[in-house]
Amino acid sequence: MAAPKVAVVGAGVIGLSTALCIAETCPSCSVTVLSDQFSPNTTSDVAAGMLIPHTYPGTPIHVQKQWFKETFAYLFAISNSAEASEAGIHLVSGWQVFKNTPKEELPFWSDVVLGFRPMSEAELQKFPQHRFGQAFTTLKCDCPPYLLWLEKRLKAIGVQMYTRKVADLWELHSEYNVVVNCAGIGAHQLVGDEKLFPIRGQVLKVQAPWVKNFIRDGDGLTYIYPGIHRVTLGGTREKESWSLSPDPSATKDIFDRCCSLEPSLRGAQDIKVKVGLRPSRQRVRLQREVLSQGGVKLPVVHNYGHGAGGFSVHRGTAKEAAHLVGECLAALQGASSRAKL
Amino acid sequence: MRVAIVGAGVIGLSTALCIHEQYHSLVPSLEVEVYADRYTPHTTSDGAAGLWQPYLSDHGNLQETLWNKETFDYLLGHLGSPAAKEMGLFLISGYNLFTQPVPDPSWKNIVLGFRNLTPKELELFPGYSYGWFNTALMLECRSYLPWLTNRLTQRGVKFFHKKVESFQQIFAQGVDVVINCTGVRAGELQPDPELQPGRGQVIKVLAPWVKHFIITHDMESGIYNSPYVIPGSEFTVLGGIYQHGNWNEENSAQDHKTIWENCCRLLPALQKAKIVGEWSGLRPARPWVRLERETVRHGHFQAEVIHNYGHGGFGITIHWGCAMAAARLFGSILQEKKLASPPQPRL
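Order-wise, the sequence lines are chains A and B.
Numbers 1 to 341, taken from UniProt numbering, label the letters of the first sequence in order.
Numbers 1 to 347, taken from UniProt numbering, label the letters of the second sequence in order.
Quick look at the structure:
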């Protein structure tokens, strides 16, 4: 098959990183990214981009750990290079604090992040309402810079990107050999996945450049993540809420909760409110499927449903998706060879 | 009782505040004045990045270690207060890097979360095989000195913008006690061969993605002669110059090159950082801090001087402990003059 044509639907962190992996592993492929939204208007742009994994109940832990390890190693190398600032990747140290000692004291990812250890008594004194904590150093992917950097890398290797609302994957069958579905929360409508649901997250992005450490409450609801120019304060987790409009009472509640963890935030300036819908699922849908209509087949690779953990596993799932695309192309190649006999 | 503090860097202003806080209610006649020819933002303190970190070894000087601890604990206590931002005070974590294993420093239990670096972390810093991670404090003097000035002004402390030429000059005006916080130029008031400038130069850049301090050490070159990167609230400070005996306050192109090349080798992403300033300053270096009383003859009278200078590159780190020690010396002067009695139990 001459220059197989692959379409990637979605231009958030999953879509762009998947497109990049496909282009890297299949140099003869012609890869195109199609999305109705690009940075700075994707769900990824709202997220802080912290590499702290979310645990998917339906995926084996060793698989999640492998995804996280690969993603961490990939970003670690970028953070250590001259491109770090352009790519928006930087190291950040901080604390995860618990009001009650967690069931598992050692999360599965504790040996992937750097310097993981329990907090000392002296460190815990800064958090009088919390009784236990963990200190570590991890990476942060600031958006838009990271997405813009991915777009730049894609353009440099000939990947085209178009603004286009895809209403049905089947509409792409005549133009592309394989379609990769990285539509995030959009997959709910695009492929009718009832198992995919939004968990609405509201965050504040503020100017507080003296905040150099992250602080996260182990309940996952309150967090302070310092980025390059702004600090992300969070958040909310509203299951099944589709509203993208900022909620003023949530703004006040988030701000108060964060200030109780870090009082100096009272002096934060220029508070911007953002909302994103985490594309949540029991497990990430990372699998092949063949759509067929009237004898015509369209191989599809799904890579969506990363919920609160997209950044933490993006490179790992992108590589697996690229591998699945390779399998689709091999199957197509096999089928076309057989057709020639 | 007129007290004159000479010098308005971090040492002078904090000593003035400490003395006023402790004695103004005990001594109704207390008048505190500050004399200096340079005020913020033109003091040595203003150019420092503001990282709390003592030298690697205290040379057995336990008193200085105690003053460092008192300062850290005092600042840590202010972290949660509404004043922290105005003071320029915040927590910061970071790395100390070495080319060989070294003993733990005297301050390992003062800072938060002190530990050795893991092999993975050392991968970030090729050329360095050993290191520490800890959380410490930043106290940015371009905010802290104005904050101290405001507190002092509120308390009625008077400021004079003039160069004091001699102790006699000040005593002749009716001042009873002089606190000598003149830093690197203390030798102009009283010769002190132990006091030498430790010249430093820094480049200020915009590199807001850097969230950690990184201090490298070259045991051969000596303290501060190895690159360091310290991110502040508005810009990041690149440094790594310590020239003993050099009085030149002008920026040197050669030193600029040294700092820039060494820091970019340490953190390649710095090559993209925008340079927004450059500054040179003279650390008031001394084998140990001079913090003591001296009785100075002035005509028929005896006048008291409390010396508080020679804090090298750790003035911010040690300032509050020294201010309190100076205040204690002042207290004993007051007792001798029978102006203040030791605290009496209430009946």
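Just so it is clear, CB atoms sit at the ideal spot from N, CA and C, and this is done for glycine as well.
Computed from a predicted structure; not experimentally measured.
Please classify residue i as buried or exposed, where buried requires at least 16 neighbouring CB atoms within 10 angstroms.
i                      : result
TYR162 of chain A      : exposed
THR236 of chain B      : buried
residue 348 of chain B : Nothing about residue 348 of chain B can be reported from this structure: the residues present for chain B run from 1 to 347 only.
GLN333 of chain A      : exposed
ALA3 of chain A        : exposed
HIS42 of chain B       : exposed
GLY239 of chain B      : buried
LEU114 of chain A      : buried
MET87 of chain B       : buried
PHE98 of chain B       : buried
THR101 of chain A      : exposed
LYS29 of chain B       : Here residue 29 of chain B is Ser; the residue named in the question, Lys, does not match the sequence. It is exposed - the Cβ of SER29 of chain B has fewer than 16 other Cβ atoms within 10 Å.
HIS217 of chain B      : buried
GLU220 of chain B      : exposed
ILE185 of chain A      : buried
GLN154 of chain B      : exposed
ASP168 of chain A      : exposed
Please list the partners that residue i has in chain A, where partner means a Cβ-to-Cβ separation under 7 Å.
i                 : result
TRP209 of chain B : ALA84, SER85, HIS90 and ILE228
SER121 of chain B : Checking the displayed sequence, the identity of residue 121 of chain B turns out to be Glu instead of Ser. Correct list: LEU114 and GLY115.
HIS212 of chain B : LEU91 and SER93
THR118 of chain B : LEU114 and GLY115
PHE133 of chain B : GLY115
Assuming residue i and residue j make a contact with CB atoms under 8 Å, what is their CB distance in whole Å?
i                      : j                 : result
ILE11 of chain B       : CYS141 of chain B : So it is not a contact: roughly 11 Å between Cβ atoms.
TRP209 of chain B      : ALA269 of chain B : 7 Å
LYS211 of chain B      : GLU86 of chain A  : At roughly 17 Å, the Cβ-Cβ gap does not stay under 8 Å, so LYS211 of chain B and GLU86 of chain A are not in contact.
GLY80 of chain B       : ALA36 of chain B  : Contact flag wrong, Cβ pair sits at about 32 Å.
HIS90 of chain A       : LYS152 of chain A : Wrong, their Cβ atoms sit about 18 Å apart, outside the cutoff.
residue 377 of chain A : ALA19 of chain A  : A query on residue 377 of chain A cannot be resolved here, the shown segment of chain A reaching from 1 to 341 and no further.
GLY326 of chain A      : CYS26 of chain A  : 7 Å
LEU76 of chain B       : GLU123 of chain A : LEU76 of chain B to GLU123 of chain A, Cβ: 11 Å. No contact.
PRO284 of chain B      : HIS244 of chain B : Their Cβ separation, rounded to whole angstroms, is 12 Å, which puts PRO284 of chain B and HIS244 of chain B out of contact at 8 Å.
Between which two residues does the alpha helix (DSSP H) containing residue i stretch?
i                      : result
ILE14 of chain A       : 13-25
ALA167 of chain A      : It is not in any alpha helix (DSSP H) - ALA167 of chain A carries neither H nor E in the DSSP assignment.
ALA87 of chain A       : 84-87
ALA172 of chain B      : 167-172
SER249 of chain A      : 248-261
residue 348 of chain B : Residue 348 of chain B is absent from the structure shown; chain B starts at 1 and stops at 347.
PHE330 of chain B      : 315-336
SER93 of chain B       : No alpha helix (DSSP H) holds SER93 of chain B; the beta strand (DSSP E) holding it covers 89-98.
ASP73 of chain B       : 62-78
ALA73 of chain A       : 61-79
residue 345 of chain A : The question about residue 345 of chain A has no answer here: the residues shown for chain A are numbered 1 through 341.
VAL284 of chain A      : No alpha helix (DSSP H) contains VAL284 of chain A, which DSSP labels as neither H nor E.
GLU121 of chain A      : 121-124
ARG237 of chain A      : Unbroken run through ARG237 of chain A: none, as it is neither H nor E.
residue 363 of chain B : An answer regarding residue 363 of chain B cannot be provided, because it is not within the stretch 1 to 347 covered by chain B.
Could you work out which residues of chain B lie near residue i, taking near to mean beta carbons separated by less than 8 Å?
i                 : result
PRO209 of chain A : PRO208, SER233 and GLU234
List, in order along the chain, the chain B residues whose C-beta lies closer than 9 Å to that of residue i?
i                 : result
ARG266 of chain A : PRO82 and LYS85
SER120 of chain A : LEU112, GLY113 and PHE114
PRO263 of chain A : LEU79, GLY80, SER81, PRO82 and ALA84
Just reading off the beta strand (DSSP E) that residue i is part of, what are its end residues?
i                 : result
PRO279 of chain A : 269-280
LEU139 of chain A : 132-141
VAL300 of chain A : 296-304
ILE203 of chain B : 196-206
HIS298 of chain B : 290-298
HIS212 of chain B : 212-216
ALA36 of chain B  : 31-36
TYR130 of chain B : 130-139
PRO276 of chain B : In the sequence on display, residue 276 of chain B carries Val and not Pro. Where VAL276 of chain B is concerned, the enclosing beta strand (DSSP E) stretches over 274-285.
LYS5 of chain A   : 5-9
Identify the contact partners of residue i in chain A, using a Cβ-Cβ distance below 8 Å as the criterion.
i                 : result
ARG115 of chain B : GLY115 and ARG117
LYS272 of chain B : ALA82, SER85 and GLU86
PHE314 of chain B : Those within 8 Å of PHE314 of chain B in chain A number zero; the least Cβ separation is about 21 Å.
PHE90 of chain B  : TRP210, VAL211, LYS212 and SER264
Would you say the beta carbon of residue i comes nearer than 7 Å to a heavy atom of the ligand ATP?
i                 : result
CYS322 of chain B : Ligands are entirely absent from the displayed structure, and the ligand ATP is therefore not among its contents.
Run down chain A in chain order and give the residues with a C-beta less than 9 Å from the C-beta of residue i.
i                 : result
LEU124 of chain B : PHE76, SER79, ASN80, LEU91 and LEU114
### Query
Any residues in the stretch 92-104 of chain B with a beta carbon nearer than 7 Å to a beta carbon of chain A? Which ones, in chain order?
ILE92 and SER93
### Task
Below 9 Å between beta carbons is the criterion; list the residues of the stretch 70-85 of chain B that meet it against any residue of chain A, in chain order.
LEU76, LEU79, GLY80, SER81, PRO82, ALA84 and LYS85
### Query
Listed in chain order, which residues of the stretch 211-227 of chain A have Cβ atoms closer than 8 Å to some Cβ of chain B?
VAL211, LYS212, ASN213 and PRO226
### Query
Going along the chain, which residues of the stretch 253-270 of chain B sit with their C-beta nearer than 9 Å to a C-beta in chain A?
CYS264, LEU267, PRO268, ALA269 and LEU270
### Query
Looking at chain B, which residues of the stretch 39-59 of chain A have a Cβ within less than 7 Å of any of its Cβ atoms?
none
### Query
Taking a cut of 8 Å between CB atoms, which residues from the stretch 124-136 of chain A lie near chain B?
LYS126 and ALA135
### Query
When Cβ atoms are compared, which residues of the stretch 155-186 of chain B fall closer than 7 Å to chain E?
The structure shown contains no chain E; its protein chains are A and B.
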